[in-house]
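Chains as they are written, first to last, in the UniProt record's numbering: chain D, 1 to 366; chain U, 1 to 366.
Beneath this line is the structure, given in structure tokens, with notes to follow.
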């Protein structure tokens, strides 16, 4: 039973517990449908279509300026590079499961010769204590809120404030990997501006909870963003036209930002159902955003056929991608979006019933 | 009279002698209109929508493999980086007005620490003699066909063959900046494959003569492209979805590739009309693609108001961007596309009459 089969079975389900539905070109068509054909393209970062959106997000984040990038990978490497250049120290600190460390083919090291110090155990959040004990001078600390690879965990707000104050005192720039910033506002009960004021630079994504096509915003002070535009060109990201990403970012930002509280509530409900199943524990146990990880104590090769049979009998899909965890079991990631409210509630009850029974049977057969 | 006024006047013209019309979101809407809403997005370089297009262009270029990139800036830096890494020499050679040298904020040097040797005088083409006389060992020679910044000039085919043979003999990789490759095929009377077989790696663009939204293809052998995908991720170019650029590249590739001969013929006709005007000479005198530069011996501050008055009285625009040249005059670039055939011929005659008379008056008033 290969992962490909799980993905195929997942794609054939009528209802999915996660996200905003399949990624098809419908999303782009819908974003364009209300716009006039004569709307002018941006041209290498200029033009109303990009400048207006940058201005809007600048205000949402409460920063001086913001620049639209094709990707967060590009935006964040550039942010760290600028802070390193300013301090004359090519050293930063971040979590061992930071996106830059595990998903970017070492671009930060290969293109920018920046050395990262990995803070905290990979299964834990970065705490104030970790920052205080770094021991070496660094240009920048990157915090990812929520910490995606450990289920989207969050420090409490007071600790964030303390880390921010410490960094300012020590002359360490604080950068926010806010790929899922909008998704955590309901938990913190803060505005984006209130969170962002703790940070010197901020990256936000428009295709996670917002559900756009692709694209990112980097925000901070004016001179920082001016410098980032030079690096954006160097990276090959200053495209003649970024508008396909901008119009979809804007469209779904307007549509889904008000739903973040609902996604969060649904995630807590969904996690509660998982946690009642045999040998299942979500991380965090109670989600702090729309996302969480589902850890199952049974091994992947037993869980995969079970999930496939559940998908086939209920028409409801949970994930297309099951990964092994460190304790001999397996896990998957869930991000709640528009799809959750479309699932028939009786169907979902059947899913958890079958999952619970199947996992009981699996564990007793071992 | 500022350049901004010239651009504003140009944008108000009903007919334009250049390009495929204003860059508006219409182009993207048109590209999507025939596609089914359920068509799946690419996902980080995988999926039929990107793989099929890569396969198609691989065959057009007669190479082993091809990868779609968001920009040529990214694709070409990466190509040179790979060739440099393979040879263990961080030195390449290209023209002084190469895109990498003048339009990319020194990305090649800043991100890849690659040192370029500038070949030939900036107003001339790179000749075989220049290559033979480099004197230092280089990993790669980049040739841009046509050489855009000098009006889109081309060496003859025999000289290309000789440069290619020399590079192979000396173990120098030959890279083609083919941003306008499709535009030069009518002049050479060769297929893209015939041109590309002279080169080890090839970049082509989809928003020059093809008129897509943005995007580029890098082609070459399998192992080269596999390596390029790693660098694409490092640069932040491995977007979750590149399909907005891919569908428009494909749409306009199909639509406009057959028109390249017509664009070329029109460019020759248009250049002929310019060359009959007082104090005007095109570069090249006879175009070898759809593009050329128009050099005017009168200074920019006299030509700008003349062009604005011509645009206003005829409704026909030629350029929105006039630049000073080295000999006290000014010049602009023209790329012929779909728009040319829409211009009323009598209107165009009036344009050249007024231009000729205006420039005569301007030169006698000095």
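Quick reminder that beta carbons are idealized off the backbone N, C-alpha and C, glycines included.
Exercise. Is the distance from the Cβ of residue 148 of chain D to the Cβ of residue 168 of chain D below 8 Å?
Worked result: Residue numbering aside, residue 148 of chain D sits at position 148 when the first chain is read from its first letter. Residue numbering aside, residue 168 of chain D sits at position 168 when the first chain is read from its first letter. Result no, Cβ atoms of residue 148 of chain D and residue 168 of chain D do not sit closer than 8 Å.
For this session: Could you please give the first and the last residue of the uninterrupted alpha helix (DSSP H) stretch that includes residue 186 of chain D?
Result: The residue given as residue 186 of chain D occupies position 186 in the first chain. Unbroken alpha helix (DSSP H) run through residue 186 of chain D: 181–188.
Exercise. Mind listing which residues of the region 24–36 of chain U have their C-beta closer than 7 Å to chain D's C-betas, in chain order?
Worked result: Taking 7 Å as the Cβ-Cβ cut-off against chain D, the residues of the region 24–36 of chain U that qualify are 24, 25, 26, 28, 29, 32, 35.
Exercise. Shorter than 8 Å from the beta carbon of residue 12 of chain D to some beta carbon of chain U?
Worked result: For this step, residue 12 of chain D is matched to residue 12 along the first chain. Not one chain U Cβ lies under 8 Å of residue 12 of chain D.
Exercise. Along the region 224–243 of chain D, what residues have a CB closer than 7 Å to any CB found in chain U?
Worked result: Listed in sequence order: 230, 233, 234, 235, 236, 237, 239, 240, 241, 243.
Exercise. Which residues in chain D sit within 7 Å of residue 213 of chain U, going by Cβ to Cβ distance?
Worked result: On the second chain, position 213 is the one that residue 213 of chain U refers to. Close to residue 213 of chain U, with beta-carbon spacing below 7 Å, are these residues of chain D in chain order: 241, 244.
For this session: List the residues of chain D whose Cβ lies closer than 9 Å to the Cβ of residue 43 of chain U, in chain order.
Result: Reading the second chain from its first residue, position 43 is the one you call residue 43 of chain U. Taking the beta carbon of residue 43 of chain U as reference, the chain D residues within 9 Å of it are 23, listed in sequence order.
Exercise. For residue 298 of chain D, which of D:364, D:143, D:285 has the nearest alpha-carbon?
Worked result: Sequence index remark: in the first chain, residue 298 of chain D carries index 298 (1-based). Here the closest residue by C-alpha is D:364.
Problem set entry | Top-ranked residue by Cα proximity to residue 235 of chain D, from D:124, D:69, D:87 | Here the question's residue 235 of chain D lines up with position 235 in the first chain. Restricting attention to D:124, D:69, D:87, the CA atom closest to the CA of residue 235 of chain D is found in D:69.
Problem set entry | Interface residues of chain D facing residue 70 of chain U [CB-CB closer than 8 Å] | Sequence index remark: in the second chain, residue 70 of chain U carries index 70 (1-based). Ordered by position in chain D, the residues that pass the 8 Å Cβ test against residue 70 of chain U are 70, 236, 237, 239.
Problem set entry | Rounded separation between residue 353 of chain D and residue 339 of chain D - CA only | Stepping through the first chain from its first residue, residue 353 of chain D is reached at position 353. Stepping through the first chain from its first residue, residue 339 of chain D is reached at position 339. Spanning the alpha carbons of residue 353 of chain D and residue 339 of chain D requires a straight line of approximately 21 Å.
Exercise. Taking 8 Å as the CB-CB limit, is residue 74 of chain D close to chain U?
Worked result: For the purposes of this step, residue 74 of chain D is taken as residue 74 along the first chain, with counting starting at 1. It does; some Cβ of chain U falls within 8 Å.
Exercise. Taking the alpha carbon of residue 285 of chain U as the point to measure from, which residue in U:271, U:278, U:194 has its own alpha carbon closest?
Worked result: Your numbering for residue 285 of chain U matches position 285 in the second chain. Looking from the CA of residue 285 of chain U, the closest CA among U:271, U:278, U:194 belongs to U:271.
Exercise. Under three-state DSSP, which class holds residue 340 of chain D?
Worked result: Counting from 1 along the first chain, the entry for residue 340 of chain D is found at position 340. In the structure shown, the three-state DSSP call for residue 340 of chain D is helix.
Exercise. Can you find at least 3 beta carbon pairs, one from the region 98–113 of chain D and one from the region 218–237 of chain U, that sit closer than 8 Å?
Worked result: The region 98–113 of chain D vs the region 218–237 of chain U: in contact.
For this session: Please list the residues of the region 77–92 of chain D that have a C-beta atom closer than 9 Å to any C-beta atom in chain U, keeping them in chain order.
Result: Taking 9 Å as the Cβ-Cβ cut-off against chain U, the residues of the region 77–92 of chain D that qualify are 77, 78.
Exercise. Residues of chain D with CB under 8 Å from residue 107 of chain U, in chain order?
Worked result: For this step, residue 107 of chain U is matched to residue 107 along the second chain. Near residue 107 of chain U (Cβ distances below 8 Å), the residues of chain D are 233, 234, 235, 236.
Exercise. Where does residue 46 of chain D sit, in a helix, a strand or coil, going by DSSP?
Worked result: What you label residue 46 of chain D is simply residue 46 of the first chain in a count that begins at 1. Strand at residue 46 of chain D.
Exercise. When Cβ atoms are compared, which residues of the region 111–138 of chain U fall closer than 7 Å to chain D?
Worked result: Within the region 111–138 of chain U, 111 place their CB atoms closer than 7 Å to a CB of chain D, listed in sequence order.
Exercise. With which residues is residue 67 of chain D paired in a DSSP beta bridge?
Worked result: Here the question's residue 67 of chain D lines up with position 67 in the first chain. Residue 67 of chain D is bridged by DSSP to D:218.
For this session: Output the boundary residues of the alpha helix (DSSP H) element that contains residue 307 of chain D.
Result: Against the first chain, residue 307 of chain D aligns to sequence position 307. Note, residue 307 of chain D: alpha helix (DSSP H), 300–314.
Exercise. If we ignore side chains and look at the alpha-carbon of each, how far apart do residue 18 of chain D and residue 225 of chain D end up?
Worked result: Looking up residue 18 of chain D in the first chain gives position 18. Looking up residue 225 of chain D in the first chain gives position 225. Those two C-alpha atoms are separated by around 35 Å.
For this session: Please say whether residue 190 of chain U and residue 139 of chain U have beta carbons closer to each other than 8 Å?
Result: Taking the second chain and counting its residues from 1, one reaches residue 139 of chain U at position 139. Taking the second chain and counting its residues from 1, one reaches residue 190 of chain U at position 190. If you check the CB distance, residue 139 of chain U and residue 190 of chain U do not come in under 8 Å.
Problem set entry | Ranges of the beta strand (DSSP E) found wholly within the region 185–259 of chain D, counting only runs of at least 3 | Qualifying beta strand (DSSP E) stretches, in chain order: 201–205, 216–220.
Exercise. Residue 3 of chain D CB to nearest chain U CB: under 8 Å?
Worked result: By 1-based counting over the first chain, the position of residue 3 of chain D is 3. Because the pLDDT of residue 3 of chain D is 49, which lies under 50, any placement of that residue in the model is unreliable, and the question is left without a value.
Exercise. Under 7 Å Cβ-Cβ, which residues of chain D neighbour residue 207 of chain U?
Worked result: Against the second chain, residue 207 of chain U aligns to sequence position 207. 240, listed in chain order.
For this session: Determine, using beta-carbon pairs with one atom in the region 69–86 of chain D and one in the region 56–68 of chain U, whether at least three such pairs fall under 8 Å.
Result: Not touching, per the Cβ criterion.
Exercise. In terms of alpha-carbon separation, which member of D:211, D:273, D:274, D:220 lies closest to residue 255 of chain D?
Worked result: Looking up residue 255 of chain D in the first chain gives position 255. Comparing Cα positions, the closest option is D:211.
For this session: Report the neighbours of residue 357 of chain D on chain U: residues whose CB is nearer than 9 Å to its CB, in chain order.
Result: Walking along the first chain from the start, residue 357 of chain D turns up at place 357. Under the 9 Å cutoff, chain U gives no residues; its nearest Cβ is about 33 Å from residue 357 of chain D.
Exercise. Any idea what DSSP makes of residue 3 of chain U, helix, strand or coil?
Worked result: The residue labelled residue 3 of chain U in the question sits at position 3 within the second chain. Bear in mind that the predicted position of residue 3 of chain U carries a pLDDT of just 49, short of 50, making it unreliable; the figure below should be weighed with that in mind. Looking at residue 3 of chain U - three-state DSSP - the assignment turns out to be helix.
For this session: Report the neighbours of residue 39 of chain U on chain D: residues whose CB is nearer than 7 Å to its CB, in chain order.
Result: Your numbering for residue 39 of chain U matches position 39 in the second chain. What residue 39 of chain U touches in chain D: 24, 25.
Exercise. Got a sec, what are the start and stop residues for the beta strand (DSSP E) residue 294 of chain D sits in?
Worked result: Locating residue 294 of chain D in the first chain gives position 294, where the first residue counts as 1. Per DSSP, residue 294 of chain D belongs to the beta strand (DSSP E) from 291–296.
For this session: Say whether chain D places a C-beta atom closer than 8 Å to the C-beta of residue 104 of chain U.
Result: In the second chain, counting from the first residue as 1, residue 104 of chain U sits at position 104. Yes - at least one Cβ of chain D is within 8 Å of the one on residue 104 of chain U.
Exercise. Any idea which residues DSSP pairs residue 144 of chain U with across the strands?
Worked result: Numbered from its first residue, the second chain carries residue 144 of chain U at position 144. In DSSP, residue 144 of chain U forms a bridge with U:177.
Exercise. For residue 8 of chain U, which of U:228, U:218, U:315, U:58 has the nearest alpha-carbon?
Worked result: As a working mapping, residue 8 of chain U is identified with position 8 in the second chain. Among U:228, U:218, U:315, U:58, the Cα nearest to that of residue 8 of chain U belongs to U:315.
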